[in-house]
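Enquirer:
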Amino acid sequence: PDAMPGSKTLFERARKVMPGGNTRTTVFVDPFPIYAARGEGCRVWDVDGNAYYDCINNFTSMIHGYAHPDVTAAVVEQLPFGTAFGAPTLSEVELAELLVERLPSVDQVRFTNSGTEGVMMAIKAARAFTGRPKIVKIEGAYHGSYDFAEVSLDSSPANWGDLPRSTPYAKGTPRGVLDDVIAVPFNDTEALRAVFAAEGDSIAAVLIDPMPNRAGLIPARRDYLHAMAEIAHAAGALVIFDEVISFRLGWSGAQGLWGIEPDLTALGKIIGGGFPVGAVGGRADVMAVFDPTAGKPALPHGGTFTANPVTMRAGLASMRALTKDSFAHLDCLGASLREGVTASFEKHGLAGQCVGLGSLFKIHFTSHPVTDYRSIYPGQAERKKFDVFHKGLLGRGVLSASYGLFALSTPMTEEDAGAILQAIDETLGDVAAQS
Ligand code: PMP
Numbered sequence: 005p006d007a008m009p010g011s012k013t014l015f016e017r018a019r020k021v022m023p024g025g026n027t028r029t030t031v032f033v034d035p036f037p038i039y040a041a042r043g044e045g046c047r048v049w050d051v052d053g054n055a056y057y058d059c060i061n062n063f064t065s066m067i068h069g070y071a072h073p074d075v076t077a078a079v080v081e082q083l084p085f086g087t088a089f090g091a092p093t094l095s096e097v098e099l100a101e102l103l104v105e106r107l108p109s110v111d112q113v114r115f116t117n118s119g120t121e122g123v124m125m126a127i128k129a130a131r132a133f134t135g136r137p138k139i140v141k142i143e144g145a146y147h148g149s150y151d152f153a154e155v156s157l158d159s160s161p162a163n164w165g166d167l168p169r170s171t172p173y174a175k176g177t178p179r180g181v182l183d184d185v186i187a188v189p190f191n192d193t194e195a196l197r198a199v200f201a202a203e204g205d206s207i208a209a210v211l212i213d214p215m216p217n218r219a220g221l222i223p224a225r226r227d228y229l230h231a232m233a234e235i236a237h238a239a240g241a242l243v244i245f246d247e248v249i250s251f252r253l254g255w256s257g258a259q260g261l262w263g264i265e266p267d268l269t270a271l272g273k274i275i276g277g278g279f280p281v282g283a284v285g286g287r288a289d290v291m292a293v294f295d296p297t298a299g300k301p302a303l304p305h306g307g308t309f310t311a312n313p314v315t316m317r318a319g320l321a322s323m324r325a326l327t328k329d330s331f332a333h334l335d336c337l338g339a340s341l342r343e344g345v346t347a348s349f350e351k352h353g354l355a356g357q358c359v360g361l362g363s364l365f366k367i368h369f370t371s372h373p374v375t376d377y378r379s380i381y382p383g384q385a386e387r388k389k390f391d392v393f394h395k396g397l398l399g400r401g402v403l404s405a406s407y408g409l410f411a412l413s414t415p416m417t418e419e420d421a422g423a424i425l426q427a428i429d430e431t432l433g434d435v436a437a438q439s
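Following full-length UniProt numbering, the numbering of the sequence shown begins with 5 at its first residue and continues without gaps.
Now the structure itself:
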């Protein structure tokens, strides 16, 4: 904190005009967050001039880091022509075409302004298509801040029964919301089968992030996902993939890696090139619920800034710059970091592990197998380790998300990865010394 007087002062100002000085819970850090001044490539500078390797990348969205020349040029080119119209533009057609080309399961796309809205519109589309009220979601999996997607997100162990319960995340969640969301354990085919046997007639969709960050960043098993599709379809329900984060795992997202075609996919983050964005895409017959050409659609959907040409142009430039080689590079960096971090845990004799795929990894201060949300729930001792780890890394010039999530970016070189690894290694040394 001594090296960050500018951030401290800004936080004090912020506290007067924003609750807790904050407008985004996820970026709060005790005692105050660093305030970013600028970013370039894989680095960020705070208002006090401290430089950091950015391994948060705006919570995984900045896959090319900051100020990618193609993205900057595309935005600068668009600005003098206008930034948002009460009319569609060519740019949204082009970005939709790119997404349809990359995702075989997606025939058509609808844009939104956030991943939250992408998930929300996917859930509403599934309800409109099936005429059913309920969704099934994985215990502890995060899908943004739509009421129905927030259920069973933060149930404390005291609330855990043998099976997940539909617990509210926010105070004031209406009872009806809880009634219409069924939480299931991750990677458990039999539990899913049991839920469908009991309530299949009223289920519109199963919502799943194929590698749920808050539930441990452990991949869903391929056989589980295939069984999920079979069970859901047999009951007349849909499968929704939340690929808001996992689309950064490969050319065709996680669904490409897993070889599965969900009925609907929610997108966000990387597809906006650093601007607010989200989308829902999927099978043409399901997406038809949005179609206004024959009168009021089954599911009307608007949004003043939806598909604005600045976001669309930035997204296009960013996605075009994300080539198959980019993914190979990110996979390579990710693999070497996961390997290095695993070796560092061993070297320091520290209980822990490093999980993830491609450009994403996460550390857990547990030695038992990480299988689901319950298996990673941090006790008092783990919370303290995360705190020492997070602050130690910050002091060494590396930004990571709290609870140990790291997202890499294409401008990172092997040398950068080496420097990040060294900072992690030294910081794990601190954690070992203090535990
Ligand atoms: N789904 C997942 C898996 C996410 O991680 C997030 C955001 N971190 C969202 C949905 C919501 O996206 P947004 O923050 O753009 O609303």
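Cβ atoms here follow ideal geometry from the backbone N, Cα and C, with glycine treated the same way.
Is residue 46 helix, strand or coil when you go by DSSP?
Expert: Residue 46 sits at position 42 when you count from the first residue of the sequence shown. Coil at residue 46, not helix or strand.
Enquirer: Exposed or buried, residue 128, counting other C-beta atoms within 10 Å across all chains shown (16 or more means buried)?
Expert: As a position in the sequence shown, residue 128 is number 124, starting the count at 1. Burial call: buried.
Enquirer: Could you say which of 5, 6, 79 lies nearest to residue 322 if we only look at CA atoms?
Expert: Reading the sequence shown from its first residue, position 318 is the one you call residue 322. Of the listed residues, the one whose Cα sits closest to residue 322 is 79.
Enquirer: Are there any heavy atoms of ligand 1 lying less than 6 Å away from the beta-carbon of residue 67, as far as the coordinates show?
Expert: One-based indexing of the sequence shown puts residue 67 at position 63. Because no heavy atom of ligand 1 lies under 6 Å away, the Cβ of residue 67 does not count as near it: no.
Enquirer: Please find out if some non-hydrogen atom of ligand 1 comes closer than 6 Å to the beta-carbon of residue 380.
Expert: Residue 380 sits at position 376 when you count from the first residue of the sequence shown. For ligand 1, not one heavy atom lies less than 6 Å from the Cβ of residue 380.
Enquirer: Determine, using beta carbons only, whether residue 95 and residue 317 come nearer to each other than 7 Å.
Expert: For the purposes of this step, residue 95 is taken as the residue at position 91 of the sequence shown. For the purposes of this step, residue 317 is taken as the residue at position 313 of the sequence shown. A contact, by the Cβ cut-off of 7 Å.
Enquirer: According to DSSP, simplified to helix, strand and coil, what is residue 116?
Expert: Locating residue 116 in the sequence shown gives position 112, where the first residue counts as 1. Strand, per DSSP.
Enquirer: Is the beta carbon of residue 254 closer than 7 Å to that of residue 331?
Expert: Residue numbering aside, residue 331 sits at position 327 when the sequence shown is read from its first letter. Residue numbering aside, residue 254 sits at position 250 when the sequence shown is read from its first letter. Closer than 7 Å, so yes.
Enquirer: Can you give me the Cβ contacts of residue 173 inside the same chain, cut-off strictly under 6 Å, excluding the 5 residues immediately before and after it?
Expert: Residue mapping note: residue 173 aligns to position 169 of the sequence shown, counting from 1. Around residue 173: 154, 157, 158.
Enquirer: What residues are listed by DSSP as bridge partners for residue 367?
Expert: Working through the sequence shown from its first residue, we reach residue 367 at position 363. Residue 367 is bridged to 358.
Enquirer: Can you tell me the Cβ-Cβ gap for residue 222 and residue 245, rounded? I've got them flagged as a contact below 8 Å.
Expert: As a first step, residue 222 must be located in the sequence shown, where it is residue number 218. As a first step, residue 245 must be located in the sequence shown, where it is residue number 241. No, residue 222 and residue 245 are not in contact; Cβ-Cβ is about 16 Å, not under 8 Å.
Enquirer: In whole angstroms, what is the alpha-carbon distance linking residue 177 and residue 233?
Expert: Taking the first residue of the sequence shown as position 1, residue 177 is located at position 173. Taking the first residue of the sequence shown as position 1, residue 233 is located at position 229. So the two alpha carbons sit approximately 29 Å from each other.
Enquirer: DSSP three-state call for residue 186: helix, strand or coil?
Expert: Stepping through the sequence shown from its first residue, residue 186 is reached at position 182. Note: residue 186 maps to strand in three-state DSSP.
Enquirer: On the CB-based measure, 16 or more other CB atoms within 10 Å of its CB, does residue 468 come out buried or exposed?
Expert: Past the edges of the chain, shown from 5 to 439, lies residue 468, and the structure says nothing about it.
Enquirer: Along the chain, where does the alpha helix (DSSP H) containing residue 249 start, and where does it finish?
Expert: As a position in the sequence shown, residue 249 is number 245, starting the count at 1. Residue 249 -> no alpha helix (DSSP H), and no H or E assigned at all.
Enquirer: To the nearest angstrom, how far is the alpha carbon of residue 307 from that of residue 193?
Expert: Here residue 307 is taken as the residue at index 303 of the sequence shown, counted from 1. Here residue 193 is taken as the residue at index 189 of the sequence shown, counted from 1. Each residue's Cα considered, the two are about 37 Å apart.
Enquirer: DSSP three-state label for residue 18, please.
Expert: Indexing the sequence shown from 1 puts residue 18 at position 14. Note: residue 18 maps to helix in three-state DSSP.
Enquirer: Cβ of residue 320 within 7 Å of Cβ of residue 363?
Expert: Sequence index remark: in the sequence shown, residue 320 carries index 316 (1-based). Sequence index remark: in the sequence shown, residue 363 carries index 359 (1-based). Not closer than 7 Å, so no.
Enquirer: For residue 51 and residue 39, which I take to be in contact (beta-carbon distance under 8 Å), what is that distance rounded to the nearest angstrom?
Expert: Counting from one through the sequence shown, the residue named residue 51 turns up at place 47. Counting from one through the sequence shown, the residue named residue 39 turns up at place 35. 5 Å between Cβ atoms; contact.
Enquirer: Which partner residues of residue 142 appear in the DSSP bridge assignment?
Expert: To locate residue 142, count along the sequence shown from 1; it is residue 138. Paired residues: 188.
Enquirer: Looking at ligand 1, does it come within less than 6 Å of residue 362, judged from the CB to the closest heavy atom?
Expert: Here residue 362 refers to the residue found at position 358 when the sequence shown is read from its first residue. No, Cβ of residue 362 sits at least 6 Å from all heavy atoms of ligand 1.
Enquirer: Identify every run of the beta strand (DSSP E) within the stretch 218-276, keeping only runs that are complete inside it and at least 3 residues long; order them along the chain.
Expert: Qualifying beta strand (DSSP E) stretches, in chain order: 242-246, 268-272.
Enquirer: Can you give me the C-alpha to C-alpha distance between residue 229 and residue 380, rounded to a whole angstrom?
Expert: Indexing the sequence shown from 1 puts residue 229 at position 225. Indexing the sequence shown from 1 puts residue 380 at position 376. About 22 Å.
Enquirer: Can you pull the DSSP bridge partners for residue 57?
Expert: Position 53 of the sequence shown holds residue 57. In DSSP, residue 57 forms a bridge with 47, 402.
Enquirer: Can you give me the start and stop residues for the alpha helix (DSSP H) that residue 152 sits inside?
Expert: Here residue 152 refers to the residue found at position 148 when the sequence shown is read from its first residue. Unbroken alpha helix (DSSP H) run through residue 152: 151-154.
Enquirer: Are there any heavy atoms of ligand 1 lying less than 6 Å away from the beta-carbon of residue 147, as far as the coordinates show?
Expert: Reading the sequence shown from its first residue, position 143 is the one you call residue 147. For ligand 1, at least one heavy atom lies less than 6 Å from the Cβ of residue 147.
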